[in-house]
Amino acid sequence: MIKKRNFPVFPHRHLLGIRGLSPSDINNLLERADANVAISRQKDKKAIVLRGRTQINLFFEASTRTQSSFEIAGKRLGADVVNMPINNSSIKKGETLIDTAMTLNAMHPDILVIRHNCAGAAALLAKKVSCSIINAGDGSHEHPTQALLDALTIRRTKGRLEGLIIAICGDVLHSRVACSNILTLNALGARVRVVAPSTLLPQGIEDMGVGVFHSMESGIEDADVVMMLRLQNERMSGAFVPSTREYFRFFGLDQKKLKKAKIDCIMMHPGPMNRGVEISSSVADGPQSVIQTQVEMGVAVRMAVLEALIEHCQEKVSKKAYEANCS
Amino acid sequence: MKPIVLENARIVDPSRNIDEMGSVIMASGKIIASGASARNQGIPDTANVINLKGKAIFPGLVDARVFVGEPGAEHRETIASASYAAAVGGITSFIMMPDTYPVIDNVALVEFILRTAKEMASVNIYPAASLTRGMAGLEISEFGLLREGGAVAFTEGKKTIANANIMRQAMTYARDFDMPIMHETQEADLIDNGVMNAGLIATYLGLPGILREAEVIPLERDLRLAELTGVRYHAAQLSTNMSAQAICCAKERMFGISAGVSINHLSLNENDVGEYRTFFRLLPPLRAEEDRVAMVKALRDGVIDIIVSSHDPQDVDTKHLPFADAQPGAIGLETLLAAALRLYHDGSIPLKRLIESLSTRPAQLFGLDAGTLKPGAMADLIIVDLDTPWILELDMLHSRSKNSTFEKVGFQGRVMTTIVAGKVVYSSGLTGFQKTEKFDCCDRK
Numbered sequence: 001m002i003k004k005r006n007f008p009v010f011p012h013r014h015l016l017g018i019r020g021l022s023p024s025d026i027n028n029l030l031e032r033a034d035a036n037v038a039i040s041r042q043k044d045k046k047a048i049v050l051r052g053r054t055q056i057n058l059f060f061e062a063s064t065r066t067q068s069s070f071e072i073a074g075k076r077l078g079a080d081v082v083n084m085p086i087n088n089s090s091i092k093k094g095e096t097l098i099d100t101a102m103t104l105n106a107m108h109p110d111i112l113v114i115r116h117n118c119a120g121a122a123a124l125l126a127k128k129v130s131c132s133i134i135n136a137g138d139g140s141h142e143h144p145t146q147a148l149l150d151a152l153t154i155r156r157t158k159g160r161l162e163g164l165i166i167a168i169c170g171d172v173l174h175s176r177v178a179c180s181n182i183l184t185l186n187a188l189g190a191r192v193r194v195v196a197p198s199t200l201l202p203q204g205i206e207d208m209g210v211g212v213f214h215s216m217e218s219g220i221e222d223a224d225v226v227m228m229l230r231l232q233n234e235r236m237s238g239a240f241v242p243s244t245r246e247y248f249r250f251f252g253l254d255q256k257k258l259k260k261a262k263i264d265c266i267m268m269h270p271g272p273m274n275r276g277v278e279i280s281s282s283v284a285d286g287p288q289s290v291i292q293t294q295v296e297m298g299v300a301v302r303m304a305v306l307e308a309l310i311e312h313c314q315e316k317v318s319k320k321a322y323e324a325n326c327s
Numbered sequence: 001m002k003p004i005v006l007e008n009a010r011i012v013d014p015s016r017n018i019d020e021m022g023s024v025i026m027a028s029g030k031i032i033a034s035g036a037s038a039r040n041q042g043i044p045d046t047a048n049v050i051n052l053k054g055k056a057i058f059p060g061l062v063d064a065r066v067f068v069g070e071p072g073a074e075h076r077e078t079i080a081s082a083s084y085a086a087a088v089g090g091i092t093s094f095i096m097m098p099d100t101y102p103v104i105d106n107v108a109l110v111e112f113i114l115r116t117a118k119e120m121a122s123v124n125i126y127p128a129a130s131l132t133r134g135m136a137g138l139e140i141s142e143f144g145l146l147r148e149g150g151a152v153a154f155t156e157g158k159k160t161i162a163n164a165n166i167m168r169q170a171m172t173y174a175r176d177f178d179m180p181i182m183h184e185t186q187e188a189d190l191i192d193n194g195v196m197n198a199g200l201i202a203t204y205l206g207l208p209g210i211l212r213e214a215e216v217i218p219l220e221r222d223l224r225l226a227e228l229t230g231v232r233y234h235a236a237q238l239s240t241n242m243s244a245q246a247i248c249c250a251k252e253r254m255f256g257i258s259a260g261v262s263i264n265h266l267s268l269n270e271n272d273v274g275e276y277r278t279f280f281r282l283l284p285p286l287r288a289e290e291d292r293v294a295m296v297k298a299l300r301d302g303v304i305d306i307i308v309s310s311h312d313p314q315d316v317d318t319k320h321l322p323f324a325d326a327q328p329g330a331i332g333l334e335t336l337l338a339a340a341l342r343l344y345h346d347g348s349i350p351l352k353r354l355i356e357s358l359s360t361r362p363a364q365l366f367g368l369d370a371g372t373l374k375p376g377a378m379a380d381l382i383i384v385d386l387d388t389p390w391i392l393e394l395d396m397l398h399s400r401s402k403n404s405t406f407e408k409v410g411f412q413g414r415v416m417t418t419i420v421a422g423k424v425v426y427s428s429g430l431t432g433f434q435k436t437e438k439f440d441c442c443d444r445k
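Below, the structure written as structure tokens:
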């Protein structure tokens, strides 16, 4: 049995994004996640931290790894996890987002995990419901748990984040992962670069405190970490990039381009990958790839977030009770 | 090959701001020295010295807008016939537009053009590739791969991209690869079925008119987008005073903006259409005399950077039709210099500025190794008799199509000899070089 350490109370009720978290909040979550890794590695994976709690996963977009990761994280901590299938639910019948959330809220869940294709959807629900909300991706806004698991992966492989050169390459414009990652890594003192054709970069990205590069060779030169982003199918031909052939030639990661980075550079991808579009198979399956570690860290990070939010609410309740007792 | 010394010539080299009597020494395809002081270092004993008796030497002309029929319409013009017509006109390099069939939108076709040019052409041919795939205006072309393949610019040819967002993305993407975009701006909806300049003459002739605004509205849009994206933007051919003013304002705001004008819009006006003469149906249409004068002034002042021929071979099948049914376009490779020299002879543009706009500046804009006579440069040059009077007859033309706007027009000044990489590719036989045989451009080897 692993001994539970005491962590400072997480000061937020929801996890809507990385923006709004202080570096110490982020470190708090990373420390908790670090301790959770061992739970998933032991034979008996069941903990009791969330026993009696209800977690609802409300995914309006198709997702395999994030949804199953949240489900496993909740179950390993002892919560009752409910997955809401969107395809045959009342949403198909025309119910609005808020109505759906209010309905679920009336069933007294403790945590609602939401993914939605609109930026700001999680924040909207947070104003309406009484439980904690975890944003599992809203439009191209934020995906905080992905950023945390990336940070944890880097920290565990490299031992630190401060001063590392991290190149985020690919479709930054449509990526919620990129946005959350830039905020997280900047907060933790890494030197972040983005590498993409200008057509896939949002306006004003340089003011987010990142170096902007339009060529892979110069962008990943001397990098400690190369993070590849997925290029969505519908953006492969047309107005953003001319073709997958051209994209792979100039912005796809292959062994030759990866040689420009530091010799002990690690390569990450949030998945799902397009082999031969943004990444070659030899790199994806090569020794520098830590993609599997990322998935493993995903569960640990989500356990940490669930635990931290529940603890926060508990603390509030007991504080109130204490105050009531005193008066 | 023996070194060649061309002496006693008027050397005009805008790249070094030179217009003086002197010599040009060239050997192994390169210029060794040129100008008044060229002979200071002495000349090789074995050199072949040719006395030009006061004729002029210019850097070979660079034409940034040439339509060729190959592939797809070889009966109008092949790469070989266009190249010989260019040599006769004193053009040693030209940029070929991608309006072919199929459209030049992929690396294989760029390579085809370059290979064919290497085998068949006597002048340097640089392909421009299309901005969007198949010129459909929907998906941007593979700029990176095309640049590696040898494309020097991206352009939609005679078309205008209607969708502002596609244009923005194309500009953004081209900027990353540091490639210039050359765009002709004609608002198709505003042109509707117009065929000539909107005005009194069009009304007299009963022909639907094309407003000046049809050109300037998309031009203004492009200039705003160029400012946003920072791309190098070249307005392919302007015809109105309004457009020149738009370019003038844009140049004050930002770098990387340039513009061209076709020789037709510097030489002719809407009156030339006369009685429905289809060879004078052009796009943009020939405008009023005020616009022509404004174009000349804009060129002199540097608002408009370059002169192009807009060489567009059209055959009997597309020209011998009622005016409104005929295709727009006129050939111009062989008459480009002669027509431009009229502007020098009538005193409206100094010779040095004229040659700059025909040679040095287009080479700079598109990054071509041309347009200069400085030592070490490729020996691409032309020998010109500035004073010879002559009259153009259509059967003198070497182009496969004869749709010239200058039939039976008197010119003053003519190309005597054209030299590309030190090799004589055209000579009229009057300058000490052997006369070249009339080029047989009917069959490929």
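Sequences listed follow chains A and B, in order. One point on numbering: in the numbering used here, the residue at position 210 of the first sequence is 210, and numbering is uninterrupted. One point on numbering: in the numbering used here, the residue at position 118 of the second sequence is 118, and numbering is uninterrupted. All C-beta atoms, glycine included, are put in the ideal place defined by N, C-alpha and C.
Look at residue 132/A: its C-beta is not under 8 Å from any C-beta on chain B.
When Cβ-Cβ separations below 8 Å define contact, residue 143/B makes contact with chain A. In the DSSP annotation of this structure, the continuous segment of the beta strand (DSSP E) that includes residue 137/A starts and ends at 132-138. Between residue 413/B and residue 341/B, the beta carbon gap of about 4 Å places them in contact (Cβ cut-off 8 Å). Of all residues in the stretch 168-184 of chain B, only 169, 172, 173, 175 and 176 place a beta-carbon less than 8 Å from a beta-carbon of chain A. According to DSSP, residue pairing for residue 212/A in a beta bridge involves 194/A. Given a length threshold of 4 residues, each whole run of the alpha helix (DSSP H) inside the stretch 211-243 of chain B is given here in chain order: 213-229. Between residue 199/A and chain B, the shortest Cβ-Cβ separation is below 8 Å.
Among the CB atoms of chain B, none fall inside 8 Å of the CB of residue 248/A.
Around the beta carbon of residue 118/A, fewer than 16 other beta carbons sit within 10 angstroms, so the residue counts as exposed.
Here the C-alpha atom of residue 221/B lies approximately 33 Å from the C-alpha atom of residue 168/A. In the DSSP assignment, residue 59/B forms a beta bridge with 381/B. 226/A is the residue among 296/A, 62/A, 16/A and 226/A whose C-alpha sits nearest the C-alpha of residue 165/A.
When only Cα atoms are considered, residue 261/A and residue 134/B end up about 38 Å apart. The DSSP-derived three-state label of residue 171/A is coil.
About 11 Å separates the beta carbon of residue 138/A from that of residue 126/A, a gap too long to meet the 8 Å contact definition.
Within chain B, no C-beta atom comes nearer than 7 Å to that of residue 32/A; the closest sits roughly 42 Å away. The three-state secondary structure of residue 99/A, taken from DSSP, is helix.
Only 165, 166 and 169 from the stretch 152-169 of chain B bring a Cβ to less than 7 Å from some Cβ of chain A. In the DSSP annotation of this structure, the continuous segment of the beta strand (DSSP E) that includes residue 420/B starts and ends at 410-420. Residues of the stretch 27-46 of chain B with a Cβ closer than 9 Å to any Cβ of chain A: none. The beta-carbon separation of residue 383/B and residue 14/B, rounded to 17 Å, does not stay under the 8 Å limit for a contact. Taking a contact to require three or more Cβ pairs closer than 8 Å, the stretch 158-165 of chain B and the stretch 113-126 of chain B do not qualify as touching. Taking C-beta separations shorter than 8 Å and ignoring five residues to either side along the sequence, the partners of residue 255/A in its chain run 280, 282, 283 and 286, following chain order. Against chain A, the CB of residue 213/B has no partner CB under 8 Å away; the residue lies outside that interface. Rounded to the nearest whole angstrom, the CA to CA distance from residue 222/A to residue 212/A is 15 Å. Nearest neighbour of residue 131/A by Cα position, chosen from 112/A, 145/A and 23/A, turns out to be 112/A. Taking the Cα positions, residue 175/B is about 7 Å away from residue 229/B. The way I'd put it, the stretch 42-54 of chain B doesn't touch the stretch 360-367 of chain B; fewer than three beta-carbon pairs between them come closer than 8 Å.
Cα atoms of residue 101/B and residue 81/B: separation of roughly 17 Å, rounded to the nearest angstrom. Contacts between residue 140/B and chain A, judged by CB atoms closer than 7 Å, involve 239 and 242 in chain order. Nearest neighbour of residue 205/B by Cα position, chosen from 277/B, 263/B, 261/B and 143/B, turns out to be 277/B. Contact note: residue 245/A reaches chain B through 142 and 145, using a C-beta cutoff of 8 Å and chain order.
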